[in-house]
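> Letter 323 of the sequence shown, counting from 1, is numbered 322 in numbering that gives the first Met the number 0, and no numbers are missing. Okay, here's the structure, questions in a sec.
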Amino acid sequence: MKIAVLPFNAAEGTRPALGRQIANFCSEMVRNQGAEINSISYLAQVDQDGEQRAAYVNVADKLVEFSFIAPLFEQSDVDKAMDGLIEVTDEIFKITQRFFERGNETPLFEKEYEFDVDGLFSSMTEMTAELARQTNVAVPETLEFGTDNPRAFLNFIEGFDSLQYVQQANGMVAQEFNPDQSYASLLRALEADTDFVGPYETICGLGRLCAQHRIGTFDAAEAALRKASEIVPNDFKAFYALGELYQGVSLGDKATSAYEKALTLHEEGREDAAKEGQVENWLLEKASIYSRLGIAQMTMGMPVNAELNFKKAIDLEGPDKPSLQFLAGVLGQTGRAHEIPGLWKAQLDKNPQSVQLTVAYAVALVNADRMEDGVKEFEKALETFVEEERLFVKRFYAPLLVNNEDLDRAMDFYEDCIDTAPNDIPLLLEYARTLAAAKREFEVPAVLDSILASNPDPNTRAETLAWKTELTEPKRAEAVMSAEKKLSEGDFDGAVRELRPLRNWLADYWKLWAILAAAHNRLNQPEEAKDAAERLINLYPGCEIAYAELMAALTTMGKADDAYSLMRYAAGMMPSSLGIHLNLALAAKRAGHTDEAKAIAKQIREAVGPNPELDPVFAEIEG
């Protein structure tokens with residue numbers, strides 16, 4: 000028996016999150032008993048500034064007709080469907096629960112539950128029992144809600160709804176989404192019942208996802224995680240999430256402190272993990288903290304500390320040893336690249352059947368200038384492993400073949416891999432470059448179209464569109480290059496005149512907006528420069544030039560605080576960029592954050608050493 004569960008529609012004035020999550024809770028309880036349940040999420044794709052984003056939809060504020068549900072039966076093999084309606088007025092809940100079967104417009108079951116907040120759990124238990132009956136499974140008479148406090152539970156599911164949304168949208172949430180209210184709901188739930196695990200873990204998870212995808216504000220995420228760590232002072236997860244948050248905005252000292260605190264708290268949970276039979280998970284968690292701490296230290300220029308923590312992580316990790324990649328990076332940065340193959344070989348000797356370790360060892364040999372040995376390992380792997388594993392070998396051998404100018408064989412390998420992974424964007428990009436190197440550029444636009452159809456990240460999308468423009472609209476692309484030449488020669492008016500008629504034709508061509516932003520700034524036209532730079536950032540959020548030009552425009556307009564906020568955001572996105580951090584220091588100085596500006600300048604000086612070209616910039620920052 001397969002059943003589709005739709006979110007309960009929310010009546011006017013009722014928060015849709017409640018309808019989604021009450022239906023979701025019933026589904027999870029029954030699914031845990033072995034029922035086949037397809038939970039339906041109404042996520043609509045919306046175009047915002049040229050990006051495809053996802054938004055939750057409350058399809059109606061009333062019960063829908065069967066004609067709305069009928070397509071579920073036509074497009075899937077479900078036998079039944081559950082839907083309903085929720086209405087909340089002055090803390091009185093009315094929930095209608097319905098079930099339909101294929102080909103029958105009349106509901107199999109329909110009931111309205113009316114209750115106050117104190118009756119929440121008993122009514123949800125009854126709804127869950129009915130769902131179980133419709134799927135021919137049994138659920139316990141008493142369900143576990145994680146808390147005995149219904150108000151805490153209601154606040155929890157509102158916050159949890161946001162976590163699910165960010166996960167399902169893969170970070171591409173609607174621009175108007177703000178997680179602040181979700182943090183507040185989760186904190187209210189946690190304060191109402193400090194033993195309720197759900198709100199605490201959801202705050203940590205939501206904070207991590209929002210930091211990863213740049214959703215909401217830094218201050219709100221930090222405040223929520225700090226408050227959660229105070230309410231639950233003996234758990235490591237809030238500090239782990241804080242470490243990621245600080246790391247994302249290049250606050251290295253705070254990130255390392257947070258990870259070190261997380262390690263201390265995590266160690267205190269060793270005995271509990273042993274009692275609960277969770278030692279393996281406990282070890283993997285600890286490895287993850289060591290690894291994140293090492294990454295933060297590597298970013299801060301502390302390779303000795305980073306190496307030590309990566310080694311600790313490797314000792315605790317499973318057979319694939321993901322932290323080996325980071326340790327290899329430390330060795331490469333400290334002039335010890337010759338040691339890297341030995342790292343992989345030691346692990347490969349322990350697990351010779353691992354195709355991942357075999358490939359990593361072969362790549363390490365090549366990177367250590369042992370080309371012949373690396374090629375031998377690749378060829379041996381092609382002979383040793385079965386077909387599915389050989390595809391993995393081909394995936395990493397192909398770039399080496401390109402470098403060795405064996406383009407025909409490389410293209411064969413790429414095509415084999417694309418047959419089984421047609422939406423693998425990095426794979427498609429490498430294949431396109433190989434076609435171009437083989438003088439088969441006429442085939443490249445079709446591959447670029449495949450990349451664009453595979454929902455690439457905005458930066459890849461911008462670069463791919465630019466390449467396609469240059470191949471398919473060469474005359475217009477040449478005009479943009481002509482404008483770039485005029486810009487470099489100081490003919491700023493000429494550059495603007497060249498590009499003005501192309502703005503509609505080449506609206507997705509990021510290079511046009513970069514040149515326009517620069518030309519307008521040099522003509523002391525900050526409003527026009529700001530518009531062009533903002534368009535550029537919307538198209539290509541990873542473009543360093545865009546932030547420099549927008550910062551210049553904002554500064555000319557007297558908006559020093561806005562320029563500083565912009566560069567803090569940019570530094571979080573591109574933590575390794577010298578230019579971004581130099582501009583952040585300038586913006587900080589101009590906005591009155593003198594100590595921060597000097598601290599950043601000091602770190603840059605230590606990283607680059609004597610550099611006369613930067614002396615005038617340092618003079619402004621440190622003056």
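Each residue gets a CB set at the ideal place from its N, CA and C atoms; glycine is no exception.
If you follow the alpha helix (DSSP H) that G624 is in, where does it begin and where does it stop?
Here the chain has residues from 0 to 622 only, and residue 624 is not among them.
> So what does DSSP say about E109, is it helix, strand or coil?
For the purposes of this step, residue 109 is identified with residue 110 of the sequence shown, where counting begins at 1. In this structure, E109 counts as strand in the three-state DSSP scheme.
> With Q44 as the anchor, note down where its beta strand (DSSP E) starts and where it stops.
Looking up residue 44 in the sequence shown gives position 45. Residues L42 to Q47.
> If we call anything under 9 Å between Cβ atoms a contact, is P340 one with A363?
The residue given as residue 340 occupies position 341 in the sequence shown. The residue given as residue 363 occupies position 364 in the sequence shown. Taking 9 Å as the Cβ cut-off, P340 and A363 qualify as a contacting pair.
> Around the C-beta of D418, are 16 or more other C-beta atoms found within 10 angstroms, so that it is buried, or is it exposed?
Your numbering for residue 418 matches position 419 in the sequence shown. That one is exposed.
> To the nearest angstrom, how far is it from the Cα of S481 to the Cα of A531?
The residue labelled residue 481 in the question sits at position 482 within the sequence shown. The residue labelled residue 531 in the question sits at position 532 within the sequence shown. When rounded, the distance between both Cα atoms is 18 Å.
> Would you report the Cα separation of D372 and V365, rounded to the nearest angstrom?
Working through the sequence shown from its first residue, we reach residue 372 at position 373. Working through the sequence shown from its first residue, we reach residue 365 at position 366. Going by the C-alpha atoms only, they are around 7 Å apart.
> Could you check the C-alpha separation between L208 and F384 for me, to the nearest Å?
In the sequence shown, the residue the question calls residue 208 occupies position 209. In the sequence shown, the residue the question calls residue 384 occupies position 385. About 37 Å.
> Output the boundary residues of the beta strand (DSSP E) element that contains Q96.
For the purposes of this step, residue 96 is taken as residue 97 along the sequence shown, with counting starting at 1. Element bounds for Q96: I91 to E100.
> Using beta carbons (cut-off 9 Å, strictly below), is P232 in contact with chain B?
Among the chains of the structure shown, chain B does not appear; only one protein chain is present.
> Secondary structure at F176, three-state DSSP: helix, strand or coil?
Here residue 176 refers to the residue found at position 177 when the sequence shown is read from its first residue. Three-state result, F176: coil.
> I believe A545 touches A590 by the beta-carbon criterion, under 8 Å. Please report the beta-carbon distance rounded to the nearest angstrom.
The residue given as residue 545 occupies position 546 in the sequence shown. The residue given as residue 590 occupies position 591 in the sequence shown. With 8 Å as the limit, A545 and A590 do not qualify as a contact, their Cβ atoms being about 20 Å apart.
> At what residue ranges does the segment 166-246 contain a whole run of the beta strand (DSSP E), taking only runs of 3 or more?
Entirely contained in the segment 166-246, not one beta strand (DSSP E) run reaches 3 residues.
> Spatial neighbours of L427 within its chain, please: CB distance less than 6 Å, with the 5 preceding and 5 following residues excluded, ordered by chain position.
Within the sequence shown, residue 427 is the residue found at index 428, counting from 1. V446, S449 and I450, listed in sequence order.
> For A137, count neighbouring C-beta atoms within 10 Å of its own C-beta (all shown protein chains included) and say buried if the count is 16 or more, exposed if not.
As a first step, residue 137 is located in the sequence shown; it is residue number 138 there, counting from the start. Exposed, since its Cβ has fewer than 16 Cβ neighbours within 10 Å.
> What's the gap between the Cα of F152 and the Cα of T13?
Start at 1 with the first residue of the sequence shown, and residue 152 comes out as number 153. Start at 1 with the first residue of the sequence shown, and residue 13 comes out as number 14. C-alpha separation (whole angstroms): 17 Å.
> Please report the straight-line C-alpha distance between L283 and E316, rounded to a whole angstrom.
Residue numbering aside, residue 283 sits at position 284 when the sequence shown is read from its first letter. Residue numbering aside, residue 316 sits at position 317 when the sequence shown is read from its first letter. L283 and E316: Cα-Cα distance of roughly 6 Å.
> Which partner residues does L84 have in the DSSP bridge list?
Here residue 84 corresponds to residue number 85 of the sequence shown, with the count starting at 1. L84 is bridged to N8 and T95.
> Put N602 into one of helix, strand or coil per three-state DSSP.
To locate residue 602, count along the sequence shown from 1; it is residue 603. A small correction: the amino acid at residue 602 is Gln; Asn does not occupy that position in the sequence shown. Q602: helix per DSSP, three-state reduction.
> Nearest to G102 by alpha carbon, out of F67, K344 and A528?
In the sequence shown, the residue the question calls residue 102 occupies position 103. Looking at the Cα atoms, F67 is the closest of the given residues.
> Considering only the alpha carbon of each residue, which of Q133, Y239, K379 and A437 lies closest to N402?
As a working note, residue 402 is residue 403 in the sequence shown. If we check each option's Cα against that of N402, A437 comes out closest.
> Between D368, M301 and E11, which has its C-alpha nearest T624's C-alpha?
What the structure shows of the chain is the stretch from 0 to 622, and residue 624 is not part of that stretch, so it cannot be assessed.
> I need the straight-line Cα distance from M573 to A513, nearest angstrom please.
Here the question's residue 573 lines up with position 574 in the sequence shown. Here the question's residue 513 lines up with position 514 in the sequence shown. Each residue's alpha carbon lies about 18 Å from the other.
> With 16 as the cutoff for other CB atoms within 10 Å, does Q20 come out buried or exposed?
On the sequence shown, residue 20 is found 21 positions in, with the first residue counted as 1. Under this definition Q20 is a buried residue.
> If you check the beta carbons only, do D60 and N8 fall under 9 Å apart?
Within the sequence shown, the letter at position 61 stands for residue 60. Within the sequence shown, the letter at position 9 stands for residue 8. Yes. Within cutoff.
> Per DSSP, what kind of secondary structure is R14 in: helix, strand or coil?
What you label residue 14 is simply residue 15 of the sequence shown in a count that begins at 1. It is coil, neither helix nor strand.
> By the 10 Å Cβ neighbour count, where 16 or more other Cβ atoms means buried, how is L553 classified, buried or exposed?
In the sequence shown, counting from the first residue as 1, residue 553 sits at position 554. So L553 counts as buried.
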